[in-house]
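Chains as they are written, first to last, in the numbering used here: chain F, 33 to 146; chain D, 2 to 112.
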């Protein structure tokens, strides 16, 4: 079976542009997580969904960030407008058993905002 | 405030040496996981521990969970270059229902 699939793998954009990151979780996993990884702050949970419903978005930095999960096989993380401090690797992960169970991570989307 | 503190931050050793890395918190873990992350990839789960005092072994890796469930260690015997990577601990601190990650230990094993 395929693992968690993220796209794009790399994105370079200019400040002020809209960025959309995409994720396809493992089929059958009811939980989906968006994490951000930087050298300064490590791996931070931004938001997670259960059965397509956002459960905890307390890690979303500010209103410029939004996430949706329109169905069980697709989620997006959008940044509008993007800023240089948003540069990071964004990971999507899915799980069968929730946030304290095994997380299966995608390969990440490396975002660079110039 | 860092809920999970990992040490050391960086570790560089020669092939064949033993090493131990640590994960500590002032709070109690409901469960704790160790992940390994290689460059350009996402973290991959190594082990989950849930019981205070628990010891789990995975080939040359030994994981220990503290009796009070506030700390954990990962010991690698006879390290190999393939062990190189970022080792992350993650815990459900205080039963919040979601895992918080430590900053990790970057391990380099030189041949």
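Beta carbons are placed, not taken as given, at the ideal position from N, Cα and C, and that holds for glycine. Values in this document were obtained by computation on a predicted structure and should not be read as measured data.
DSSP places residue 79 of chain F inside the beta strand (DSSP E), whose first and last residues are 74–82. Within the segment 79–103 of chain D, contact with chain F at the beta-carbon level (separation under 9 Å) is assigned to 89, 91, 92, 93, 96, 97, 98, 99, 100, 101, 102 and 103.
With a beta-carbon spacing of about 7 Å, residue 22 of chain D and residue 7 of chain D fall inside the 8 Å limit used to define contacts.
For residue 77 of chain F, same chain residues with a beta-carbon under 7 Å away, outside a window of 5 residues either side, are 65, 67 and 91 in chain order. Interface flag for residue 88 of chain F against chain D is set, since a Cβ pair is found closer than 8 Å.
Against chain F, the beta carbon of residue 42 of chain D has neighbours under 7 Å at 139, listed in chain order.
Here residue 38 of chain F is buried: its Cβ has 16 or more other Cβ atoms, across all protein chains shown, within 10 Å.
Residue 118 of chain F sits in a helix when the DSSP states are folded into three classes. For the pair residue 98 of chain D and residue 130 of chain F, the CB atoms are nearer than the 8 Å cut-off.
Between the alpha carbons of residue 75 of chain F and residue 40 of chain D lies a distance of about 14 Å.
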